[in-house]
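> Here the sequence shown stands for residues 10 to 418, numbered as in the numbering used here.
Quick reminder that beta carbons are idealized off the backbone N, C-alpha and C, glycines included.
Computed from a predicted structure; not experimentally measured.
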Amino acid sequence: MRATCTPTGPVIPSSLRTSPPRSTRPVQRRAAPPSRPPYRPFTTRLVHDPAVHDPAAHDPAGHDPAVNDPLDHHGDVELDGTLVDFAVNVRVSEPPPWLATELRAAVDTLAAYPRPDAARAALARRHGVADAMVLPTNGAAEAFGLLAAALAPRHPVVVHPQFTEPEAALRRAGRVVHRHVLDPATGFALGASTLDVECDLVVVGNPTNPTGVLHARATLDGLRAPGRVVVVDEAFMDAVPGEPESLISTEMTDLLVLRSLTKTWALAGLRAGYVVGDPALVARLAAVQPHWSVNSLAAVAMERASTAAAVAEATAAAGELAGWRDHLVRGLHRLGLHVQRSSAPFVLAEVGTGVREALRANGYAVRRGDTFPGLGPQWVRIAVRDPHTTDGLLRELAGVLTRAEELTA
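1. Check whether the region 285-300 touches the region 153-163, taking contact to mean three or more Cβ pairs, one atom from each stretch, closer than 8 Å.
2. So, V211 versus V240, is the Cβ gap smaller than 8 Å?
3. Does the distance from the CB of V93 to the CB of T398 come in under 8 Å?
4. Assign T380 to one of two classes, buried (16 or more other C-beta atoms within 10 Å of its C-beta) or exposed (fewer than that).
5. Does the region 257-267 come within contact of the region 222-238, defined as at least 3 CB pairs closer than 8 Å?
6. L384: buried (16+ other C-beta within 10 angstroms of its C-beta) or exposed?
7. I'd like the span of the beta strand (DSSP E) that includes V238, first residue to last.
8. Compute the beta-carbon to beta-carbon distance between V222 and F197, rounded to the nearest angstrom, for a pair I have assumed lies under 8 Å.
9. Going by beta carbon distance, what residues of the same chain come within less than 7 Å of Y373, once the five residues before and after it are set aside?
10. Could you pull out every unbroken alpha helix (DSSP H) segment of at least 4 residues lying fully inside the region 305-330, listed in chain order?
11. Leaving aside the five residues before and after G148 along the sequence, list all residues of the same chain whose C-beta is less than 6 Å from its C-beta, in chain order.
12. Measure the Cβ-Cβ separation of V389 and V375 and say whether it is below 8 Å.
13. In whole angstroms, give me the CA-to-CA distance for A133 and A407.
14. Within 10 angstroms of its Cβ, does T52 collect 16 or more other Cβ (buried), or is it exposed?
15. CA-CA distance, R226 and E414?
16. Specify the secondary structure class of V116 as computed by DSSP and reduced to three states.
17. If L337 sits next to P354, beta carbons under 8 Å apart, how far is it from one beta carbon to the other, in whole angstroms?
18. Tell me whether G126 is buried or exposed, calling it buried when 16 or more other Cβ atoms sit within 10 Å of its Cβ.
19. Tell me, to the nearest whole angstrom, how far the beta carbon of R5 is from that of V116; I am working on the premise that it is less than 8 Å.
20. Using 8 Å for Cβ pairs, my map puts K272 next to R100. What's the rounded Cβ distance?
21. Between the Cα of G214 and those of E174, A114 and D400, spot the shortest distance and give me the residue it belongs to.
22. What separation, rounded to the nearest whole angstrom, lies between the Cα atoms of P104 and V393?
23. Where does the unbroken beta strand (DSSP E) through W301 begin, and where does it stop?
24. If you count every other CB in all the chains shown that lies within 10 Å of the CB of L108, and 16 or more means buried, which is it?
25. State the Cα-Cα distance for the pair D400 and R334, rounded to the nearest angstrom.
26. My output table needs one value for T422: the three-state DSSP class, helix, strand or coil.
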């Protein structure tokens with residue numbers, strides 16, 4: 010069962026709560042929001058040309074006025090410096106001391122133009138592939154822009170719900186994007202046979218942001234077809250112990266995998282990502298990449314994070330994170346909420362409308378779900394944090410749900 014909702018907030022049946030809330034802070038009432046178009050659910054459809062796209066048609070809950078398009082909304086927008094952060098998917102708040110020391114030492118090299126050759130070689134060794142199969146990038150986001158510019162797909166398909174930057178980058182490049190929207194009733198399962206046969210580029214996340222779904226390697230391999238490039242966003246794969254479903258291998262014909270150092274090593278401000286894949290495709294991306302796009306500090310981070318010791322540390326962190334995630338999921342289940350099974354450092358929960366705003370009013374930020382194609386305002390993405398911090402969120406969430414029930418009793 011899951012929370013039902015009314016204009017005043019979500020309602021959760023009392024039989025689904027096992028303990029009373031411990032928070033006594035009153036709900037901060039807000040003025041009624043201005044009238045907006047009713048929520049329009051996303052479906053598999055053709056996305057209009059960027060010039061005629063109407064963001065208001067996909068702004069059901071009052072999107073941040075500083076963001077013109079829901080595809081440009083990201084978790085950091087939820088924060089204002091005063092909220093407990095469950096919105097951003099970075100595992101820790103700062104890089105580990107050993108990595109911070111390496112980065113400080115590298116400051117002395119900043120007078121020279123950056124050369125990421127050593128980083129490329131280190132990443133290739135880390136994954137057991139040839140150097141020609143690796144391209145360091147200015148974060149994974151740059152890689153999506155390079156894909157749109159270099160490959161010029163005629164019939165790109167983006168599998169949703171997922172990170173919105175791939176579609177946004179394709180649209181900025183003037184591509185007409187097709188959406189393949191997965192069904193929450195099936196656990197957002199992916200069936201390769203249902204893709205449009207005309208598709209010459211398909212982009213999918215694994216594990217997927219925001220659902221946390223980890224697709225089987227065999228399922229993703231099934232997307233590969235003559236004349237089609239498959240792009241897999243594995244930005245969160247290093248949060249999966251052992252990475253069993255990664256598609257990185259020595260044979261990656263017409264296949265590209267995108268990776269990021271941001272989430273595990275707390276390097277969002279450094280912009281450190283990379284592409285691994287078909288060397289012919291990697292060369293095409295490199296041909297359109299701006300000179301010196303990867304800065305010297307990012308290159309050092311890539312090199313140091315690729316050592317055997319760093320990989321072992323990341324693997325241990327993934328195991329710890331799995332325990333923290335289980336703690337969060339158990340708490341959400343005790344509140345009677347529907348939670349999507351996750352293999353990522355976040356979970357997707359169906360909490361009802363009004364819950365995100367109420368949590369925010371009481372000091373907690375979670376990621377809104379309705380800017381992800383295929384999800385509505387009843388969904389939120391909750392980042393995994395340590396159990397102590399998570400318990401604070403769960404207490405506040407229990408209070409929000411109880412107060413909503415009392416208002417509608």
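Reading from the atomic positions:
1. With three or more CB-CB distances shorter than 8 Å, the region 285-300 counts as touching the region 153-163.
2. As a first step, residue 211 is located in the sequence shown; it is residue number 202 there, counting from the start. As a first step, residue 240 is located in the sequence shown; it is residue number 231 there, counting from the start. Cβ distance < 8 Å, so V211 and V240 count as in contact.
3. Sequence index remark: in the sequence shown, residue 93 carries index 84 (1-based). Sequence index remark: in the sequence shown, residue 398 carries index 389 (1-based). Inclusion of V93 and T398 in the CB contact set at 8 Å is warranted, their separation being smaller than that value.
4. Along the sequence shown, read from residue 1 onward, the residue named residue 380 stands at position 371. Label assigned to T380: buried.
5. The region 257-267, when compared against the region 222-238, does touch it at the 8 Å Cβ threshold.
6. Taking the first residue of the sequence shown as 1, we reach residue 384 at position 375. The residue is buried, with at least 16 neighbouring Cβ atoms inside 10 Å.
7. Translated into the one-based positions of the sequence shown, residue 238 becomes position 229. DSSP places V238 in the uninterrupted beta strand (DSSP E) bounded by V238 to D242.
8. Position 213 of the sequence shown, counted from the first residue, corresponds to residue 222. Position 188 of the sequence shown, counted from the first residue, corresponds to residue 197. Indeed, because the Cβ distance is near 5 Å, the residues count as touching under 8 Å.
9. Counting from 1 along the sequence shown, the entry for residue 373 is found at position 364. Close CB contacts of Y373 within its chain, under the 7 Å cut and outside five residues either way in sequence, are with L92, V93, F95, L402 and E405 (chain order).
10. The region 305-330 contains these whole alpha helix (DSSP H) runs: 305-313.
11. Within the sequence shown, numbered from 1, the residue matching residue 148 stands at position 139. Cβ within range, chain order: R280 and G282.
12. Here residue 389 refers to the residue found at position 380 of the sequence shown. Here residue 375 refers to the residue found at position 366 of the sequence shown. A contact, by the Cβ cut-off of 8 Å.
13. Position 124 of the sequence shown, counted from the first residue, corresponds to residue 133. Position 398 of the sequence shown, counted from the first residue, corresponds to residue 407. Our two residues, A133 and A407, have alpha carbons roughly 47 Å apart in a direct line.
14. Your numbering for residue 52 matches position 43 in the sequence shown. Caution applies to T52, whose pLDDT of 29 falls short of 50 and renders its modelled position unreliable; the value that the coordinates give is listed next. Under a 10 Å Cβ-count criterion, T52 is classified as exposed, with fewer than 16 other Cβ atoms of the shown protein chains found around its own Cβ.
15. On the sequence shown, position 217 is the one that residue 226 refers to. On the sequence shown, position 405 is the one that residue 414 refers to. Going by the C-alpha atoms only, they are around 43 Å apart.
16. Reading the sequence shown from its first residue, position 107 is the one you call residue 116. DSSP, reduced to helix, strand and coil, places V116 within a helical segment of the structure shown.
17. What you label residue 337 is simply residue 328 of the sequence shown in a count that begins at 1. What you label residue 354 is simply residue 345 of the sequence shown in a count that begins at 1. At roughly 10 Å, the Cβ-Cβ gap does not stay under 8 Å, so L337 and P354 are not in contact.
18. If you number the sequence shown from 1, residue 126 lands on position 117. Note on residue identity: the sequence assigns Asp, not Gly, to residue 126. The residue is exposed, with fewer than 16 neighbouring Cβ atoms inside 10 Å.
19. Only positions 10 to 418 of the chain appear in this structure, which leaves residue 5 out of reach.
20. Counting from one through the sequence shown, the residue named residue 272 turns up at place 263. Counting from one through the sequence shown, the residue named residue 100 turns up at place 91. Contact between K272 and R100 holds: their C-beta atoms lie close to 6 Å from each other, under 8 Å.
21. Against the sequence shown, residue 214 aligns to sequence position 205. Distances from the CA of G214 to each of E174, A114 and D400 were compared; the closest alpha carbon is that of E174.
22. Position 95 of the sequence shown holds residue 104. Position 384 of the sequence shown holds residue 393. Computed Cα separation, rounded: 17 Å.
23. For the purposes of this step, residue 301 is taken as the residue at position 292 of the sequence shown. Taken as a continuous stretch (DSSP letters only), W301 belongs to no beta strand (DSSP E), as it is neither H nor E.
24. Here residue 108 refers to the residue found at position 99 of the sequence shown. So L108 ends up on the buried side.
25. Taking the sequence shown and counting its residues from 1, one reaches residue 400 at position 391. Taking the sequence shown and counting its residues from 1, one reaches residue 334 at position 325. Rounded to the nearest angstrom, the two C-alpha atoms are 12 Å apart.
26. Only positions 10 to 418 of the chain appear in this structure, which leaves residue 422 out of reach.
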